[in-house]
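Okay, so here's the structure we're looking at.
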Amino acid sequence: MKIKICRMKLNFVVVALSVFIILFQEIELYGQSSDIIAVENIILKYGKNVLIKEILIKNNNNITLQVGDRLKNFSGNPDQSYVNSYTVLIDINKIGITPHQLEKLVNESLKNKTKFLLSQMSCHLKEKIFEIRKNKESIVIDAIKMKEEELKMKEEELKRKDEELKKEAERILGRKLLIEEEIKRQEEEIKSEEIKRKNAERILKKKKILEEEVKKEEEKIRKDIEMLPSRF
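So, in structure tokens, the structure goes:
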């Protein structure tokens, strides 16, 4: 009787243990199934390339691939077609993180990458602004230099024209002096001719007066002769 009771107890323990194992397996399968779904959602959300990079960083550049029915450990950047939600789940289990933690790591990496890209863009933008300012300053300096050269050329042109005008004024002044001297000489000649003419007129007039006087004297002498007694 005691043996029968022991057998019944043993059978009960075996049945209970079997039920517990089955329940544990179902719970484990359910957990894996939910984890795979979570990983699939992460893949759909971020893409395989993002998850692969994160796994390579956390797993010493190693990643699990599924080639047909076989699982293979691979080092380096893999062909994405051999990476799926199951292989990703295996790798994160190796790393010791959950899909939720994986998503947090991915988010953090993307944030850091975004910050890095923004920092790079900011640096590039600053360099571009500096280059634009430098080019602008260079253009302004070149424009100022060109303007200075243009003003210098205009000043030289004005100076040359001033020299030409000065020479032309000196030439005109010299010509004017020559003309004035010529006019003065001609006026003196005219004045001399006028004096000569007046002297000639005066001499001629005096000559006429003398001729008149001579004529009168001759007439007087003739009359005096006529009044003398005749010798015959």
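Going by the numbering used here, the letters in the sequence shown line up with residues 1 to 232, in that order. Ideal placement from N, C-alpha and C gives every residue a C-beta, glycine not left out.
Going by DSSP in three states, residue i sits in which element: helix, strand or coil?
i	result
Val67	strand
Asn73	strand
Glu218	helix
Asn61	coil
Pro99	helix
Asp35	helix
Asp142	helix
Asp162	helix
Ile27	Note that Ile27 has pLDDT 35, beneath the 50 cutoff, so the model's placement of it is unreliable and the number below is only indicative. Note: Ile27 maps to helix in three-state DSSP.
Ile21	Bear in mind that the predicted position of Ile21 carries a pLDDT of just 42, short of 50, making it too unreliable to give a figure here.
Ala16	Low confidence applies to Ala16: its pLDDT is 48, below 50, so where it sits in the model is not reliable enough to give any reading.
Met227	helix
Give the C-beta separation of residue i and residue j to the nearest angstrom, bearing in mind that I take them to be a contact with Cβ-Cβ under 8 Å.
i	j	result
Ile55	Val88	7 Å
Thr64	Ile90	5 Å
Val39	Pro99	5 Å
Val83	Lys53	At roughly 11 Å, the Cβ-Cβ gap does not stay under 8 Å, so Val83 and Lys53 are not in contact.
Ser75	Asn62	5 Å
Ser85	Ile36	5 Å
Ile95	Lys134	That belief does not hold up - the Cβ atoms of Ile95 and Lys134 are roughly 49 Å apart, past 8 Å.
In the DSSP assignment, the alpha helix (DSSP H) including residue i goes from what residue to what residue?
i	result
Thr87	85-95
Asn49	48-58
Relative to the C-alpha of residue i, which candidate in the options has its C-alpha closest?
i	options	result
Tyr46	Ile203, Gly68, Glu108	Glu108
Ile43	Asn73, Pro78, Glu180, Glu103	Glu103
Measuring from the CB of residue i, is there a heavy atom of the ligand COA at a distance below 7 Å?
i	result
Phe116	With respect to the ligand COA, the structure offers nothing, as it holds no ligand at all.
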